[in-house]
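What follows is a set of notes on a single structure, which appears directly below.
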Amino acid sequence: MSARRSTAASLLTLAVAAAVLTGCSQKKDDKSSADAVQVTASDSACEVSRTTFPAGHVSIEVQNKGSKSTEVYVYAAGDKIVTERENIGPGTKATIAAEIKAGEYEVACKPGMVGDGIRQKITVTGDAAAAAGATDPRLTAAVDSYRKYAQEQADATIPVVQQFADAVKAGDLEKAKSLFAASRVGWERTEPVAESFGDIDPKTDTREDGLEAGQEWTGWHKLEKSLWADGAISDADRKLADQLVTDLKDWQTKVPTAEITATSMANGAKELLDEVATGKVTGEEDRYSHTDLSDFAANVEGAKYAYELLKPVAAEKDAELAKTLDGEFAALQALLAKYKQADATYTSYDKVTEAERKAFSDAVNALAEPLSKLAAAVVVK
Amino acid sequence: MDAESAQPSEQSTGQQQSGQGPAGAARGDGAGSAPLSRRAVIGWAGAGVALGAAAVGSVAVATGSGGAVPAAAAAGGEVPFFGEHQSGIATPVQDRLHFAAFDVSATATRESLVRVLKEWTKAAAAMTGGREVGSGAASGLPQAPPDDTGEALGLPASRLTLTVGFGPSLFEKDGVDRFGLRARRPEALIDLPKFRGDALDPARSGGDVCVQACADDPQVAVHAIRNLARIGMGVVNVRWSQLGFGKTSSTTPEAQTPRNLMGFKDGTHNIAGSDAAALAEHVWVGPGEGPEWMTGGSYLVARRIRMHIETWDRTPLKEQEDIFGRSKGEGAPFGKVKERDAPDLKAMPEDSHVRLAHPDSNDGLMILRRGFSFTDGTDGLGRLEAGLFFLAYQRDTRKAFVPLQQRLAGGDALNEYIQHVGSAHFACPAGVRKPGEWWGQALFG
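Heads up: the sequence lines are chains S and E, in that order. Take 1 as the starting number for the first sequence in our numbering and just add one per residue. Take 1001 as the starting number for the second sequence in our numbering and just add one per residue.
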């Protein structure tokens, strides 16, 4: 931020020279779309082409005809920034894209990039649902289906976690170990939803190095350490096993209240892959049990499910992206399948070589990068 | 590791520096309506100079030729992207390097690779022009990640050059003609032989495609590779990369040759970027020399050369000088006074580096070097993980780097203090001549 500010400052010192050359600095291909809102900024004015427009995706085209760099803000009540664009040089144009719900707003131009700016009231009409693109019945149905899926995953998790907890409490080390990975599958498949209940995740899925000062370590990974690294189950672990069941039942009851939108589904799918890229590919997630590939597969399955629900819309709006995603999901799942064993467990991650981890990492990146474009593809008009 | 060569010639702007003013003709690179143009910043800075605004004290440049052209380049401005040859070869060496070697993924197709090369070319034209990639770093849809990663916003073009090359494995890997290119592989794009003393790490060697980013600002070079890596992700994956600093050789004869990390001036007589005759003779592939797509191109050898810094530092000065065949202070060849005095090879020890590497010891062969020092912190033993990232361009590697390195690997006294740990070879095609053309078009087209 400060670098951009100082750049602006240095530009100002050159304003005189710049004014001579504005013709050369202008962009040639400013294809103004018919429904874009035009903002003409100068050193003393901020003209907005229309003051009423429909909710949803709004494209604001700014032309700075002044001699100073400017910035343009759209403020909601209380000067809450809806969207903004800094550092629009003299003689240049900029396009600001935003998703705006119905309501009263103010557009502000700030010549010299200081002060409250020159303001103009605008009204955005229409209903909020339309703005979010949720009126597409296919997206509404996708959200409903995804919520159902999240609920099914939570419901299916509880009995397995109960068995896992029972094995821990019975001191049956081997049985507990065999149930550890399976007890996490439903959670891992819907992790973005699970994590959205901020108080549950720290209790169930925190790794030792993720603890805050003074935080008691509870949940799966503490038990994982006891089972694999310590090879012993303490009385405290038995209590933690019960606690894990309780915390996950809490999750199960909260799923219906989760905020889920088409955008959050798409971005959640991407986040699942990001989880894989940062935690699983490195072997950090399940560092004692080395069951990372089980979590990895569950993350991919969950992401795939969300994608499949959004795909009819995505394929219509960006067929190329859908084709890419189909191919990359298939490639990654084919790679994972090579590591799936007869008993449906996955190869222990400490047996996966550096070269194989690189292959996994490349495949995850190949999927996650286009997946990061899914949200935009789904919501674009 | 360096070949002494060629007489220094007049300083000039070099072949790659065509007459582009800072506010020069728009280069339609397809970047679209990038909102905040980094290039616009340059335009204004350059304009300040052109208009004789001496008050702009921060832009201290020579305007000897009476225009803003050399000023823009000297002030960290633009090096033209389009041209007969790729920039970044004969271009005056910048201060910083980010070099990346990519593998094309097993699932990629010829079509997807071509798509990436086209997108790369657009992005490269934008970034070398100081502009943002695509719709920029701070606009576009709020729901989508930005097209440009943004860390170069507000920075000048910084003489960024991006140079692409294709490795042997792109044409054939494990006997498989992966992209229908086998028949177009140049004979000169050999699999490099193993040289004596090589301790090559496969994770720092090879690669299907490389991109050399050179700039005067490390942030600009890193930004460029990062954005290309992201654009290519899934189709091409980074195999290895190297950051470099402190150019160790110069393609512009200047007052003092930069020193390597051993403290010596090495590569005093490099091919000058302005010496068209020498470039034609030693660097650019001529018509009819191999496949048509390489005409006007060059072959790049990249070697990561680790220096045993700690043992070097406890070597007596006399021994250090004997190893190079030059004085440490002035850099003068043995028996001479000044750095640029013509060396008397017989005055140097027979196994000295300069003597062995000099064109006179190698039937006049020369290579164009763009090496950079590197320091990647320390290794697990507390030793400086440092050395020379050697980059050499030549017309035919079989006749240049290979015989030279065979000679050096066999007898160079310097070998006790260095080790070649990474190695790669690439065919760098001719330049992208105009907007709309793309990297590798003549190869794939």
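For each residue, glycine too, the CB sits at the ideal point set by N, CA and C.
{"Asked": "Flag this pair as touching only if the segment 183–203 of chain S and the segment 289–300 of chain S have three or more C-beta atom pairs under 8 Å; answer yes or no.", "Found": "yes"}
{"Asked": "Which runs of the beta strand (DSSP E), 3 residues or longer, sit entirely within the segment 99–186 of chain S?", "Found": "103–109 and 118–125"}
{"Asked": "Taking 6 Å as the limit between beta carbons, can you name the residues of its chain near Ile118(S), skipping five residues before and five after?", "Found": "Cys46 and Cys109"}
{"Asked": "Around the Cβ of Lys270(S), are there at least 16 other Cβ atoms within 10 angstroms (buried) or fewer (exposed)?", "Found": "buried"}
{"Asked": "Spatial neighbours of Ser361(S) within its chain, please: CB distance less than 6 Å, with the 5 preceding and 5 following residues excluded, ordered by chain position.", "Found": "Val281"}
{"Asked": "Can you name the residues of chain E whose CB is closer than 9 Å to the CB of Lys65(S)?", "Found": "Within 9 Å Cβ-Cβ: nothing; Lys65(S) doesn't reach chain E, min ~15 Å."}
{"Asked": "Quick check: the Cα distance between Leu1117(E) and Phe329(S), rounded to an integer number of angstroms?", "Found": "23 Å"}
{"Asked": "Only counting runs of 3 or more residues, tell me where the beta strand (DSSP E) segments fall wholly within the segment 1321–1385 of chain E, in order along the chain.", "Found": "1372–1378"}
{"Asked": "Per the DSSP calculation, Trp1240(E) is bridged to which residue(s)?", "Found": "Ala1101(E)"}
{"Asked": "From Ala1221(E) to Val1354(E), what distance separates their C-alpha atoms?", "Found": "31 Å"}
{"Asked": "So the alpha helix (DSSP H) Ile1190(E) belongs to, where does it begin and stop?", "Found": "No alpha helix (DSSP H) contains Ile1190(E), which DSSP labels as neither H nor E."}
{"Asked": "Just reading off the alpha helix (DSSP H) that Tyr307(S) is part of, what are its end residues?", "Found": "Asp292 to Lys317"}
{"Asked": "Looking at Val37(S) and Ala165(S), is the spacing between their C-beta atoms short of 8 Å?", "Found": "no"}
{"Asked": "Ile1089(E) by DSSP, collapsed to three states: which one?", "Found": "coil"}
{"Asked": "Applying a beta-carbon distance threshold of less than 9 Å, which residues of chain E neighbour Val379(S)?", "Found": "Leu1141 and Gln1143"}
{"Asked": "For Gly1167(E), go through chain S and note every residue whose CB falls closer than 8 Å to its CB, in chain order.", "Found": "Going along chain S, no residue has its Cβ under 8 Å from Gly1167(E), so there is no contact; the nearest lies around 17 Å."}
{"Asked": "Taking just the CA atoms, how far does Gly115(S) sit from Ala377(S)?", "Found": "36 Å"}
{"Asked": "Along chain E, which residues have their Cβ under 7 Å away from the Cβ of Lys373(S)?", "Found": "Ala1144"}
{"Asked": "CB-CB under 6 Å to Gly1076(E), same chain, minus the five flanking residues each way: which ones, in chain order?", "Found": "Pro1156, Ser1158, Arg1159 and Asp1216"}
{"Asked": "So within the segment 1281–1322 of chain E, which uninterrupted alpha helix (DSSP H) runs reach at least 4 residues, ignoring any that extend past its ends?", "Found": "1309–1313"}
{"Asked": "Could you give the distance in angstroms between the alpha-carbon of Ile233(S) and the alpha-carbon of His221(S)?", "Found": "13 Å"}
{"Asked": "Of all the CB atoms in chain E, is at least one closer than 8 Å to the CB of Asn365(S)?", "Found": "yes"}
{"Asked": "At the level of alpha carbons, what is the spacing between Glu370(S) and Asp1103(E)?", "Found": "The sequence shown places Pro at residue 370(S), rather than the Glu named in the question. When rounded, the distance between both Cα atoms is 19 Å."}
{"Asked": "For His57(S), which residues does DSSP report across the bridge?", "Found": "Glu99(S)"}
{"Asked": "Does the separation of the CB atoms of Gly1387(E) and Met1307(E) fall below 8 Å?", "Found": "yes"}
{"Asked": "Please tell me whether Ala342(S) has its Cβ less than 8 Å away from any Cβ of chain E.", "Found": "no"}
{"Asked": "On the premise that Ser1139(E) lies in contact with Ala94(S), defined as a C-beta separation below 8 Å, what is that separation, rounded to the nearest angstrom?", "Found": "6 Å"}
{"Asked": "So, does the CB of Ile96(S) fall closer than 8 Å to a CB anywhere in chain E?", "Found": "yes"}
{"Asked": "Please report whether the beta-carbon of Ser1298(E) lies at a distance below 8 Å from any beta-carbon of chain S.", "Found": "no"}
{"Asked": "List, from N- to C-terminal side, the beta strand (DSSP E) runs of 3 residues or more that fit wholly inside the segment 1117–1199 of chain E.", "Found": "1161–1166"}
{"Asked": "Below 7 Å CB to CB, which residues in the same chain sit around Glu1321(E) once its five sequence neighbours on both sides are set aside?", "Found": "Ser1327 and Lys1328"}
{"Asked": "Kindly list, in the order they appear in chain S, the residues whose Cβ is closer than 7 Å to that of Met1233(E).", "Found": "Asn365, Ala366 and Glu369"}
{"Asked": "Any beta carbon of chain A sitting closer than 8 Å to that of Ala331(S)?", "Found": "Absent from the structure is chain A; the protein chains it does hold are S and E."}
{"Asked": "Taking the beta strand (DSSP E) that Val39(S) falls in, what are its first and last residues?", "Found": "Val37 to Ala41"}
{"Asked": "Three-state secondary structure (DSSP) at Val82(S)?", "Found": "strand"}
{"Asked": "Between Ala1221(E) and chain S, is the shortest Cβ-Cβ distance under 8 Å, so that the two count as touching?", "Found": "no"}
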